[in-house]
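Accompanying notes for the structure given below.
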Amino acid sequence: MCGITGIYAFGSSGFHRFAYVEDAVKTLRLRGPDGSGTYQGDVAKLGHTRLSIIDTTDAGAQPFTDPTGRYSLVYNGEFYNYLGFRNEYEKEGIKFISNCDTEVLLYLLIKEGKEGLKKINGCFSIAFYDNEKQELLLARDRMGINPLLYYQDSECLIFGSEMKAILAYQIRKNIDTSSMFNYFRLNYTPGEQTILQQVRRLRPGNCMIINQTGASIEAFYRIPNGETADISYNEAMVQLQELLYASVKRRLIADVPLGSFLSGGIDSSVIVALASGMTSHLNTFSIGYRDEPFFDETSYAELVARKFNTNHTVFKLSNDDLLHQMPLVLDYLDEPFADSSAIAVHILSMHTRKTATVALSGDGADELFAGYNKHLAHYKTIYPGAREHIAGYFGWLWKQLPQSRNNSLTNKFRQLNKYCEGKELSAKDRYFAWASFASEQHPTGLIKENFLNKTGARMQREECLQYMKGKSEMNEILYTDMHMVLQNDMLTKVDLMSMGNSLEVRVPFLDHTVVDFVFKLPIEYKIDGTMKKRILQDTFRSTLPEELYRRPKHGFEVPLLKWMRNELWQTIDNDLLGPRFIGEQNIFNYPYIQELKSKLKSNNPGDAQLHIWALMVFQKWWKKYYM
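For the sequence shown, the numbering used here gives the first residue as -19, with consecutive numbering after it.
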């Protein structure tokens, strides 16, 4: 991975902003610590920071310009099938000066333009400039693995891998109040909108063409939706294994040390099982939790490591270790993002980077194969059994009982109450409720009237739910997860925390050949009333240790409640959520925050710690960028 940024000028003031490109490049130094560079054409200037992965020599440095000087490219990502194109182009007489995939990508785009994007197997954000035509092509990979943001006004278009690069151009910083509203529900900003009105995300599988007449966006890829393959379950298992094998093999191409995350769950274990057969001495990495043994799953990871003879490293963390790293995580965020598991991903990435520059990950499998508890809840809402009818009958009871994520019993009450409330909603409302950490009433009470934009937030919500046609169908739920939860939460988290440690993470489950295949499978191949990720589990049942199939799935909760009641209380009460700061800021209703703080200290905190964490993240971001 790398960092890219740049500007295209429509008018004179746009040219004045060319001077900021070097500043923007500096903000991306952790994404690319191995080198940086800029290119300036007639109406565009490009910047790049390099994390050397393939051809680590200076020959692979970017921006990459062809011998004529007409075409230039900055690129963040990997082009896994580049060698086939290189061989083809060499036969045509092209003389390559490097061994990197960047140079091959440059010639692919010279030859085929935007149509060439359809031929890339990889993850990428691209800026390709034709100085003769004064045309810039921006593109983002099919699944949204690599980020790409942009800002546009009448004078220029600015792009960057992260928000901090966009801000370096001294743009206006007007908060998008609809995004803020949904942030306090979801813990992230959904869709193409960001926390700032003027900044947008380029959608996955989309490209943008910019010239002197303006900018236009079009799709070069969409996940198949509504098609069902005529294939038996056994045939599907064989094909799935073949596709995943090929995907992992493609992602082992590197000229630097490579390893794999290993949590001890099915997803990462499948990746390790496949990778270990293709490379000797595979490095694997896990984190464990000394102070939270209930969540510690390293024993399962060690079983997998022993079975496949990997060079395994376990990082055992205390709660103090997590707390110590929290300020670094918050400081790196350039947009509010309140998924607290980012702290654990940061620590795992930090330690992994000491040994490897590239790590494989099992991300994406839950969204593809229906692996979350909410997926089972959706399924049982569509196909209820006796248990579900009984749970619904006692809905009034679950509402009265204490609800908290902090022990197994109260968490079960919380889940039962959420299920009973959700099953009475429409399919769209149920999906959004179960994807959210707070109801609409929370941001309504929290945010002052002048900052409220409920209409805009609901429009944003409908945009996220556009793939649901109002039917209770599991494939629609998974399809929406791929576009909302996966892109805006899971992949964002991994990209930010890994790139903040100069580590590249590759995700074999999100190879488009795998995604295309899985989305054409009948839903019963993925989930039934008793099993999530059915076909994935069955395909590798004879390969993985038997113990993995008998273990409960605990996940991991950062001990926010403990911290907030103790080490973080003074920061919360006197600083970030204190009356003076809240009053000066004039965004939030302080009486509502007082109620949250009181609930936090009570015997029935509910989700108060999650709401306060989202507030803390927002306040830290506000202080950094507005004070």
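The beta-carbon is built from N, C-alpha and C at its ideal position, and this holds for glycine as well.
Distance CB(residue i)-CB(residue j) smaller than 8 Å
i: Gly21; j: Ser32; result: no
i: Trp601; j: Leu313; result: yes
i: Ser159; j: Trp593; result: no
i: Phe412; j: Arg441; result: yes
i: Leu53; j: Phe59; result: no
i: Asn205; j: Tyr359; result: no
i: Phe349; j: Val498; result: yes
i: Gln178; j: Ile151; result: yes
i: Lys94; j: Phe241; result: no
i: Thr335; j: Pro488; result: no
i: Lys403; j: Leu445; result: no
i: Ala357; j: Trp414; result: yes
i: Met258; j: Thr519; result: no
i: Phe275; j: His331; result: no
i: Ser105; j: Thr(-15); result: no
i: Tyr269; j: Leu297; result: yes
i: Lys434; j: Phe76; result: no
i: Gly425; j: Asn291; result: no
i: Lys428; j: Glu207; result: no
i: Arg486; j: Arg231; result: yes
Integer Cβ distance of residue i from residue j, believed to fall under 8 Å
i: Gln574; j: Leu540; result: The pair is not a contact, with the Cβ atoms about 19 Å apart (cut-off 8 Å).
i: Glu277; j: Ser243; result: 6 Å
i: Thr18; j: Ala145; result: Going by Cβ atoms, the distance from Thr18 to Ala145 rounds to 13 Å, so no, they are not a contact pair.
i: Met629; j: Leu118; result: Beyond the ends of the chain as shown, which are -19 and 607, falls residue 629; an answer cannot be given.
i: Thr29; j: Val1; result: Thr29 to Val1, Cβ: 12 Å. No contact.
i: Arg11; j: Gly(-6); result: Not a contact, Cβ separation roughly 25 Å.
i: Thr157; j: Gly436; result: 7 Å
i: Ala345; j: Asp247; result: 4 Å
i: Ile327; j: Ile267; result: 6 Å
i: Val597; j: Leu310; result: 6 Å
For residue i, the three-state DSSP class (helix, strand or coil)
i: Thr337; result: coil
i: Gly57; result: strand
i: Lys75; result: coil
i: Ser266; result: strand
i: Lys513; result: coil
i: Met596; result: helix
i: Glu484; result: strand
i: Val284; result: helix
i: Thr169; result: coil
i: Ile(-13); result: strand
i: Tyr447; result: coil
i: Gln150; result: coil
i: Ala41; result: coil
i: Ile106; result: strand
i: Lys6; result: helix
i: Asn566; result: coil
i: Glu198; result: strand
i: Ile251; result: helix
Where the alpha helix (DSSP H) through residue i begins and ends
i: Ile90; result: 81 to 92
i: Ser158; result: 157 to 166
i: Met694; result: This structure gives no information on residue 694, because the portion of the chain shown stretches from -19 to 607.
i: His28; result: It is not in any alpha helix (DSSP H) - His28 instead sits in the beta strand (DSSP E) that spans 24 to 30.
Residue span of the beta strand (DSSP E) that contains residue i, given as start and end
i: Ala234; result: Ala234 -> no beta strand (DSSP E), and no H or E assigned at all.
i: Thr18; result: 16 to 20
i: Tyr459; result: Note, Tyr459: premise wrong, no beta strand (DSSP E); alpha helix (DSSP H) at 454 to 461.
i: Glu527; result: Counting along the chain, Glu527 falls outside any beta strand (DSSP E), and DSSP gives it neither H nor E.
i: Asn353; result: Run containing Asn353: none in the beta strand (DSSP E); it sits in the alpha helix (DSSP H), 353 to 362.
i: Arg50; result: Element bounds for Arg50: n/a, residue is neither H nor E.
i: Ile138; result: 136 to 140
Rounded straight-line distance, which links the Cα of residue j to that of residue i
i: Leu182; j: Glu526; result: 43 Å
i: Arg122; j: Leu176; result: 24 Å
i: Asn299; j: Arg(-3); result: 45 Å
i: Arg286; j: Asp343; result: 22 Å
i: Ala253; j: Leu524; result: 7 Å
i: Pro13; j: Gly64; result: 29 Å
i: Leu466; j: Glu347; result: 7 Å
i: Phe317; j: Asn289; result: 37 Å
i: Arg521; j: Asn263; result: 23 Å
i: Ile155; j: Leu26; result: 27 Å
i: Lys392; j: Met511; result: 19 Å
i: Glu215; j: Glu222; result: 11 Å
i: Gly650; j: Gly57; result: Because the chain in this structure spans residues -19 to 607, residue 650 falls outside the shown range and cannot be described.
i: Asp301; j: Ser329; result: 14 Å
i: Lys449; j: Lys506; result: 21 Å
i: Val474; j: Phe108; result: 26 Å
i: Ile197; j: Tyr130; result: 12 Å
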